[in-house]
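Number of protein chains: 2
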Amino acid sequence: MTLVSTPRSGAPTLYKRIRTDIEKRILSGKWPPGHRIPSEHELMKRYDCSRMTVNKALTELAQADLIQRRKRAGSFVHRPQVLSAVLEIADIRAEITALGRRYDYRLLVRRRRAASRADRSWLGVEQPCDVLALEAYHSADGIPFAMETRLINLDAVPEARQADFTRESPGTWLLTHVPWSEAEHRIAAIGADDKIAKTLHTAEGSPCLVINRRTWRNGQTLTAVRLVYPGQEHQLVARFKGRQAA
Amino acid sequence: MTLVSTPRSGAPTLYKRIRTDIEKRILSGKWPPGHRIPSEHELMKRYDCSRMTVNKALTELAQADLIQRRKRAGSFVHRPQVLSAVLEIADIRAEITALGRRYDYRLLVRRRRAASRADRSWLGVEQPCDVLALEAYHSADGIPFAMETRLINLDAVPEARQADFTRESPGTWLLTHVPWSEAEHRIAAIGADDKIAKTLHTAEGSPCLVINRRTWRNGQTLTAVRLVYPGQEHQLVARFKGRQAA
DNA sequence: CTAAAAATAATGTATAGACATAATAAACCT
DNA sequence: AGGTTTATTATGTCTATACATTATTTTTAG
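Protein chains in written order, with the numbering used here: chain A, 6 to 251; chain B, 6 to 251.
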């Protein structure tokens with residue numbers, strides 16, 4: 006008897022049903038952290054399906070970190086220690102135009118030089134290298150939105166030498182031209198110094214949100230950037246939705 | 006001829022090898038965004054394995070958002086629009102003790118009341134409900150670390166009535182006692198007002214990092230919290246590592 | 001009584017084949 | 001030429017089975 010087929014019209018597929026069934030029990034608290042989930046064999050019987058189907062559901066739950074699986078012991082509801090959320094930092098142009106505001110960008114400084122000690126320390130590289138130092142300014146409807154200070158490692162991204170950053174911001178250019186494998190963000194609040202205050206038209210000492218980002222590809226630093234936003238006006242939003250609910 | 010088995014001692018499993026092979030090509034830029042990935046049939050031949058194995062590798066790459074798959078058309082390297090990173094906001098106690106510093110916590114205010122209009126707006130609920138309003142203070146080695154202002158929706162979390170928040174912080178208690186399905190963070194920089202300055206021993210107007218978090222379970226708001234950190238001293242770190250490299 | 005060996009229970013990976021679904025391309029008929 | 005039907009291609013789900021791996025228990029031998 007081999008009844009292959011999935012004609013449950015409209016309904017989601019079986020493995021998804023199994024996954025969300027378990028997900029609901031966990032998120033509602035019915036199955037608290039540490040609770041043991043029925044074994045694959047038990048679920049096979051309960052849903053009258055093959056083990057592979059059950060396995061696919063449980064594997065996804067494990068990848069989403071909702072459960073932990075141990076051989077011989079079974080699967081258990083995971084005990085979360087930290088609150089983690091997905092932070093999406095959009096390209097500034099996209100962010101502004103999405104709000105229906107007029108985006109404007111101006112390149113203030115573009116200098117190519119051998120990396121100074123400070124440059125190397127910021128990029129986190131040891132050996133000497135050439136860098137492109139950039140400063141730029143983003144505005145929405147003519148109102149200052151963010152100030153950008155950036156170093157590009159020219160040994161890692163030689164194409165940047167030819168790039169024209171007077172029209173397109175380095176962030177946009179890099180995102181579309183250079184693949185990367187790893188990034189680190191450091192977010193802090195600072196008081197505006199003299200330069201920031203002038204560029205963003207705020208008072209000296211006024212609170213600003215700062216994002217420091219470094220990006221790597223295969224262990225090589227590609228770029229380091231500091232984005233300064235005038236305080237209250239800008240918020241970073243990180244949303245964590247039920248652990249990748251389809 | 007059915008040669009089932011995976012005795013490649015030491016080596017990672019086949020589907021993982023396929024996945025990382027493709028991952029490397031994408032992250033190195035060899036296969037740029039938009040590039041078409043060999044079809045499952047082609048990969049079957051290339052790796053001399055069954056389609057399910059290839060499918061598992063490609064499905065994981067699609068879940069990690071490295072590729073996009075379209076029926077009939079094939080699989081393509083994804084063109085990323087936003088830079089997304091996983092932000093982990095640890096429990097404050099864990100954060101401080103992890104740094105090897107002495108953690109101290111003090112509950113300043115605990116008041117139960119019917120939700121005011123301001124309370125309801127902050128929680129994002131319409132109907133009247135009971136809330137627990139809390140204010141607390143966290144320190145590391147006696148130095149002010151963060152100030153916490155929180156509302157707990159008692160209709161959603163009735164157990165909180167009995168909880169003793171004088172020893173354990175509400176954040177820790179909630180994390181271990183109440184399952185949640187969704188959370189939203191809003192991060193901004195503000196200047197310290199009178200109250201913040203007094204609590205955190207900083208000057209009025211000095212920059213502070215603020216995290217506003219709201220947490221839900223099945224659409225019901227559980228709690229809203231505002232954490233204020235003294236500016237420069239605290240940084241949020243979000244790291245994005247090669248799209249879930251195993 | 002204890003250390004070594006064997007059975008066992010759970011998850012992990014893989015196969016070969018089947019049917020389902022979606023999007024496109026080709027053939028066909030006005 | 002343009003619209004309709006049919007074939008094709010690639011992904012998506014599912015089955016039934018096999019062997020692998022890991023961590024226990026249970027049994028057995030000294």
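Heads up, the beta-carbon is just placed ideally off N, CA and C, and yes, glycines get one too.
Any chain B beta carbon closer than 8 angstroms to residue i
i, result
"Asn-158 of chain A", "no"
"Gln-240 of chain A", "yes"
"Gly-34 of chain A", "yes"
"Ser-211 of chain A", "yes"
"Glu-189 of chain A", "yes"
"Ala-229 of chain A", "no"
"Arg-244 of chain A", "yes"
"Ile-101 of chain A", "no"
"Ala-202 of chain A", "no"
"Val-91 of chain A", "yes"
"Gly-105 of chain A", "no"
is_contact[residue i, chain A] using C-beta, thresh 8 angstroms
i, result
"Asn-60 of chain B", "no"
"Thr-7 of chain B", "Because Thr-7 of chain B sits at a pLDDT of 42, beneath the cut-off of 50, its placement in the model cannot be relied upon, and the following sentence gives the value as read from the coordinates. Judged by the 8 angstroms Cβ criterion, Thr-7 of chain B is not in contact with chain A."
"Val-87 of chain B", "yes"
"Pro-175 of chain B", "no"
"Thr-11 of chain B", "Note that Thr-11 of chain B scores 42 on pLDDT, short of 50, meaning its location in the model is unreliable; the coordinates nonetheless yield the value given after this. Answer no: the Cβ-Cβ gap between Thr-11 of chain B and chain A never drops below 8 angstroms."
"Pro-163 of chain B", "no"
"Ser-44 of chain B", "no"
"Asp-26 of chain B", "no"
"Pro-184 of chain B", "yes"
"Ile-192 of chain B", "yes"
"Gln-237 of chain B", "yes"
"Phe-150 of chain B", "no"
"Asp-96 of chain B", "yes"
"Arg-222 of chain B", "yes"
"Leu-214 of chain B", "yes"
Reference residue i, options the options, closest by Cα
i, options, result
"Leu-227 of chain A", "A:Ala-161, A:Asn-217, A:Val-215", "A:Ala-161"
"Lys-29 of chain B", "B:Asp-146, B:Leu-66, B:Arg-166", "B:Leu-66"
"Gly-236 of chain A", "A:Pro-212, A:Asp-96, A:Glu-93", "A:Pro-212"
"His-46 of chain A", "A:Val-59, A:Ala-99, A:Thr-154", "A:Val-59"
"Gly-224 of chain A", "A:Gln-240, A:Val-242, A:Pro-184", "A:Pro-184"
"Arg-51 of chain A", "A:Gly-105, A:Asp-26, A:His-40, A:Leu-241", "A:Asp-26"
"Ser-44 of chain B", "B:Ile-195, B:Gly-196, B:Gly-79, B:Lys-203", "B:Gly-79"
"Gln-167 of chain B", "B:Lys-203, B:Thr-204, B:Arg-117", "B:Arg-117"
"His-239 of chain A", "B:Ala-194, B:Met-57, B:Arg-122, B:Asp-96", "B:Ala-194"
"Ala-95 of chain A", "A:Gly-196, A:Leu-180, A:Asp-169", "A:Leu-180"
Through-space distance from residue j to residue i, alpha-carbon basis
i, j, result
"Ile-72 of chain A", "Arg-244 of chain A", "21 angstroms"
"Ser-126 of chain A", "Ile-157 of chain A", "13 angstroms"
"Ala-62 of chain B", "Val-215 of chain B", "40 angstroms"
"Ala-229 of chain A", "Val-136 of chain B", "45 angstroms"
"Ser-55 of chain A", "Pro-17 of chain B", "26 angstroms"
"Glu-209 of chain A", "Gly-210 of chain B", "11 angstroms"
"Val-87 of chain A", "Glu-189 of chain A", "18 angstroms"
"Ser-174 of chain B", "Arg-115 of chain B", "12 angstroms"
"Asp-146 of chain B", "Arg-106 of chain B", "6 angstroms"
"Leu-104 of chain A", "Tyr-110 of chain A", "16 angstroms"
"His-40 of chain A", "Gly-34 of chain A", "10 angstroms"
"Ala-138 of chain B", "Thr-204 of chain A", "41 angstroms"
"Leu-48 of chain A", "Ile-23 of chain A", "9 angstroms"
"Lys-21 of chain A", "Thr-64 of chain A", "12 angstroms"
"Met-57 of chain A", "Ile-42 of chain B", "26 angstroms"
Nonlocal neighbours in the same chain, by C-beta distance under 8 angstroms from residue i, ignoring five residues either side
i, result
"Thr-102 of chain A", "Tyr-108"
"Ala-119 of chain A", "Pro-133, Cys-134, Asp-135, Val-136"
"Asp-198 of chain B", "Glu-209"
"Met-6 of chain A", "Only weak support exists for where Met-6 of chain A lies, its pLDDT of 41 falling under 50; the value from the coordinates is given anyway. So the list is empty, once near-sequence residues are dropped."
"Glu-131 of chain B", "Arg-125"
Contacts around residue i, its chain only, beta-carbon distance under 7 angstroms, and the 5 residues preceding and following it disregarded
i, result
"Pro-38 of chain B", "Val-82, His-83, Arg-84"
"Gln-249 of chain B", "Below a pLDDT of 50, predicted positions are generally treated as unreliable, and Gln-249 of chain B, at 38, falls in that range; no measurement from the model is reported."
"Asp-124 of chain A", "Val-136, Leu-156"
Cβ neighbours of residue i in the same chain (closer than 6 angstroms, five flanking residues each side left out)
i, result
"Ser-89 of chain A", "none"
"His-206 of chain A", "Pro-149"
"Ile-192 of chain A", "Ile-216"
"Val-233 of chain A", "Met-152, Ile-201, Cys-213, Val-215"
"Thr-154 of chain A", "Glu-140, Arg-231"
"Trp-36 of chain B", "Arg-30, Val-82"
"Arg-74 of chain B", "Ala-67, Ser-80"
Integer-rounded CB distance, given that residue j should sit under 8 angstroms from residue i
i, j, result
"Ala-151 of chain B", "Leu-112 of chain B", "About 14 angstroms; that fails the 8 angstroms criterion."
"Thr-171 of chain A", "Arg-98 of chain A", "Not quite, the Cβ-Cβ distance comes to about 14 angstroms (not below 8 angstroms), so this is no contact."
"His-143 of chain B", "Glu-164 of chain B", "The pair is not a contact, with the Cβ atoms about 23 angstroms apart (cut-off 8 angstroms)."
"Arg-219 of chain B", "Gly-129 of chain B", "6 angstroms"
"Ser-186 of chain B", "Leu-32 of chain A", "4 angstroms"
"Leu-92 of chain B", "Leu-92 of chain A", "4 angstroms"
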